[in-house]
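From first to last, the protein sequence lines are chains A and B. If you count the first sequence from 1, position 120 lands on 121 in my numbering, and the numbers rise without skipping. If you count the second sequence from 1, position 41 lands on 456 in my numbering, and the numbers rise without skipping. For every residue, glycine included, the Cβ atom is placed at its ideal position computed from N, Cα and C.
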Amino acid sequence: MYKLIEFIRNTYVVVLFVLFEAIAIGHYARSTHYTRARLLAKATRVVGTGHEALAGVRSYFRLERENRELLEYAAALQERLACYEASCEAPVPAVPSVLRAAADAADAEGADSLRTRRFEEAGPILDDGRYRTSTAAVISNTINKSENFLVLNRGIRDGVKREMAVLSSGGAIVGYVVDCTERYAVVLSVLSSSFRTGGKLSDSGYFGQIYWDGADQHTVLLGDLSKYADPQPGQEVVTTGSLFFPDGIAIGRVIDAQLDETGTTYTARVELAARLSGLSHVVLVENRDIDEIRQLLKSDKIHP
Amino acid sequence: MYRIFPYIALFVVTILVQVFLLDNLSISIYFAPMIYLALLLLLPLDMPHIGLLAAGLVTGWMMDGTMGTDGLNVIATLPVAFLRPWIIGLFYTREDPREGGIPSAARFGKVKFIRYIAVCVLLHHSLFFSFEALSWVHAARTLLRIVVSGAASVYFIWLTARLFTLKLTVRV
């Protein structure tokens with residue numbers, strides 16, 4: 002008995018180390034990006050206020066760039082409006098002037114309110130009745146992990162739901178919401194090894210799968226692209242339309258492409274349209290029909 | 416139990432800097448410095464082994480919560496805590512470490528102290544980034560992340576150690 006107690010005394014630190022390490026490895030092995038997002042969402046309840054304060058400081062230093070992007074976006078909207086006007090002779094809504102007013106107001110009120118108004122006006126771009134848009138500020142953002150998450154300052158009480166698409170202020174793909182608390186939402190970034198969505202070459206329509214290989218924070222890959230697609234540098238890549246993402250949302254432009262060893266598919270490297278390392282505000286897009294589609298997919302007639 | 420308040424302050428400050436500053440640095444995918452190891456590395460030389468292990472567990476667990484990494488920080492931090500007495504033994508042979516004091520450049524010598532930090536950081540980062548990647552396909556990239564982030568972590572921890580021991584005598 003004495004020897005047993007002595008043995009335990011001599012080895013209990015080793016035993017505890019092995020035990021805790023094994024538990025941690027087991028826990029990590031079972032985790033998914035959903036469990037990690039949930040953990041991050043819980044932690045954000047505690048540290049979210051601090052993140053928000055720091056995000057406010059960062060946002061202040063980005064105002065100049067944001068204003069420039071806003072004006073570029075307003076010009077693009079104006080051009081688009083002119084196209085609609087020419088095609089259907091509809092009366093011209095005062096979008097550019099409202100945007101201009103919002104831009105002027107930004108100096109006084111800060112970028113958050115500016116973005117909100119801007120996308121309320123720009124909403125029709127995504128609005129064929131299926132989508133609802135809202136905006137949020139990014140309070141925390143990582144790009145240097147294999148699974149990267151953004152934390153937004155909008156949560157359940159603001160109408161944010163899981164699986165809402167998240168776009169940059171310029172309307173390019175950023176990620177989708179994986180978990181929410183009352184005040185915050187956690188977004189799985191396109192710069193995550195577990196992120197997958199459909200992408201296509203906008204001009205030819207050839208489609209493939211968008212994923213991140215972890216090589217660079219500015220690029221993703223478009224894989225499984227048909228050998229007939231022949232992607233060329235500079236070609237635009239957009240979303241194919243899925244449960245989360247509307248059709249035609251900008252992903253980026255092809256930098257280069259390689260045919261695989263069997264010669265059947267291309268893998269193209271795509272430069273992201275959104276600058277993920279400098280995001281301060283994002284647009285949330287909700288597919289109003291997502292629950293109906295999900296119910297249909299679970300239907301007994303599909304899975305008898 | 417001496418200097419408990421400076422250590423509590425060190426714990427709080429390193430965690431806050433890690434969570435609010437270093438974790439939000441969006442410079443490069445290869446640049447992910449981790450300053451929170453400073454607490455483990457600067458705990459007194461006569462700290463009981465079980466105390467080191469507990470400190471490693473708590474620090475790793477807290478960082479897992481704030482980074483959303485689900486056990487990854489514990490996996491990397493616990494071995495550093497467990498092996499610290501042997502790592503110190505590699506660099507500190509002049510006196511018996513059990514007599515106490517803070518590991519520092521003044522006590523170890525500047526070069527040996529930096530080597531001590533580097534070995535601990537290398538151990539931590541190797542485990543952290545290897546488990547995070549969970550693949551040998553991009554081994555070169557993982558190695559680059561270990562080297563770049565490790566160099567930054569060593570610098571930040573050395574800086575933290577300098578600040579921490581600035582006002583405290585290290586009982587050389």
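Three-state secondary structure assigned by DSSP to residue i
i, result
"A/N288", "strand"
"A/H52", "helix"
"B/V432", "helix"
"A/L17", "helix"
"A/N145", "coil"
"A/Q236", "coil"
"A/A137", "strand"
"A/G253", "strand"
"B/T557", "helix"
"A/E73", "helix"
"A/R270", "strand"
"A/L244", "coil"
"B/V534", "helix"
"A/L260", "strand"
"A/V283", "strand"
"B/Y507", "coil"
"A/I9", "helix"
"A/A107", "For A/A107, the predicted model reports a pLDDT of 40, less than 50, meaning its position is unreliable; a value from the coordinates is still stated below. Here A/A107 sits in helix by DSSP."
Cβ pair residue i, residue j closer than 8 angstroms
i, j, result
"A/V191", "A/L285", "no"
"B/L468", "B/F497", "yes"
"A/A56", "A/G171", "no"
"A/F196", "A/T241", "no"
"B/F571", "A/G51", "no"
"B/T543", "B/A491", "It is worth fixing the name first, because residue 543 of chain B is Phe in this sequence and not Thr. Taking 8 angstroms as the Cβ cut-off, B/F543 and B/A491 qualify as a contacting pair."
"B/I503", "B/P518", "yes"
"A/P234", "A/D257", "yes"
"A/V14", "B/H464", "yes"
"B/L493", "B/G475", "yes"
"B/I442", "B/T575", "no"
"B/G516", "B/L452", "no"
"A/I157", "A/T182", "yes"
"A/I174", "A/I250", "yes"
"A/L153", "A/V283", "yes"
"A/R270", "A/L222", "yes"
"A/L277", "A/Q218", "yes"
"A/L244", "A/I211", "no"
"B/V526", "B/V569", "no"
"A/T220", "A/E272", "yes"
"A/R155", "A/N288", "no"
"A/F150", "B/V489", "no"
"A/A44", "B/G480", "yes"
"A/K201", "A/V238", "yes"
"B/L437", "B/I532", "no"
"A/S281", "A/R69", "no"
"B/F579", "B/L431", "no"
"A/V139", "A/R163", "no"
"A/G215", "B/H553", "yes"
"A/A42", "A/D180", "yes"
Contacts that residue i makes with chain A (C-beta to C-beta distance below 7 angstroms)
i, result
"B/F446", "N145"
"B/H540", "Per Cβ cutoff of 7 angstroms: no residues; B/H540 is ~12 angstroms from chain A at best."
"B/D461", "The premise fails here: B/D461 is roughly 15 angstroms from chain A at the closest Cβ pair, so nothing lies under 7 angstroms."
"B/A548", "S147"
"B/I465", "V14"
"B/I502", "Per Cβ cutoff of 7 angstroms: no residues; B/I502 is ~14 angstroms from chain A at best."
Neighbouring residues, chain B, relative to residue i (Cβ below 8 angstroms)
i, result
"A/T36", "D485"
"A/G242", "The contacting residues do not exist; A/G242 stays about 29 angstroms from chain B at best."
Partner residues on chain B for residue i, Cβ-Cβ distance less than 7 angstroms
i, result
"A/V48", "V434 and T481"
"A/Y212", "Within chain B, no residue comes near A/Y212; the closest Cβ sits about 13 angstroms away, beyond 7 angstroms."
Interface partners of residue i on chain B, CB under 9 angstroms
i, result
"A/A83", "The contacting residues do not exist; A/A83 stays about 37 angstroms from chain B at best."
Interface residues of chain C facing residue i [CB-CB closer than 8 angstroms]
i, result
"A/N288", "Within the model displayed, chain C is absent; protein chains A and B are what it includes."
Any non-hydrogen atom of the ligand HEM within 7 angstroms of residue i CB
i, result
"B/I423", "Absence of the ligand HEM from the depicted structure is noted, as is the absence of any ligand whatsoever, leaving it without description."
Chain A residues whose Cβ lies nearer than 9 angstroms to that of residue i
i, result
"B/S441", "N142, T143, I144, N145, Q218, L277, S278, G279 and L280"
Closer than 8 angstroms at the beta carbon, the chain A residues around residue i
i, result
"B/R556", "G215 and A216"
Worksheet entry | Uninterrupted beta strand (DSSP E) stretches inside the stretch 147-229 of chain A (no shorter than 3 residues) | As for any beta strand (DSSP E) of minimum length 3 sitting wholly inside the stretch 147-229 of chain A, the runs are 150-153, 166-169, 174-181, 186-190, 198-202, 208-212 and 220-227, ordered along the chain.
Discussion item. Counting beta carbon pairs with one atom in the stretch 224-236 of chain A and one in the stretch 264-278 of chain A, are three or more of them shorter than 8 angstroms?
Written reply: They touch, by the three-pair rule.
Worksheet item: Along the chain, which unbroken stretches of the alpha helix (DSSP H) at least 4 residues long are found entirely within the stretch 423-473 of chain B?
Response: Counting whole runs of 4 or more residues, the stretch 423-473 of chain B contains the alpha helix (DSSP H) stretches 452-457.
Discussion item. Contact between the stretch 31-43 of chain A and the stretch 181-189 of chain A is defined here as three or more beta-carbon pairs at a separation below 8 angstroms; is this criterion met?
Written reply: Touching, yes.
Discussion item. Count Cβ pairs between the stretch 475-486 of chain B and the stretch 22-36 of chain A that sit closer than 8 angstroms; are there 3 or more?
Written reply: Counting Cβ pairs under 8 angstroms, three or more are found: they touch.
Worksheet item: Should the stretch 546-561 of chain B be called in touch with the stretch 440-448 of chain B, which here means at least 3 C-beta pairs below 8 angstroms?
Response: Contact holds: three or more Cβ-Cβ distances are below 8 angstroms.
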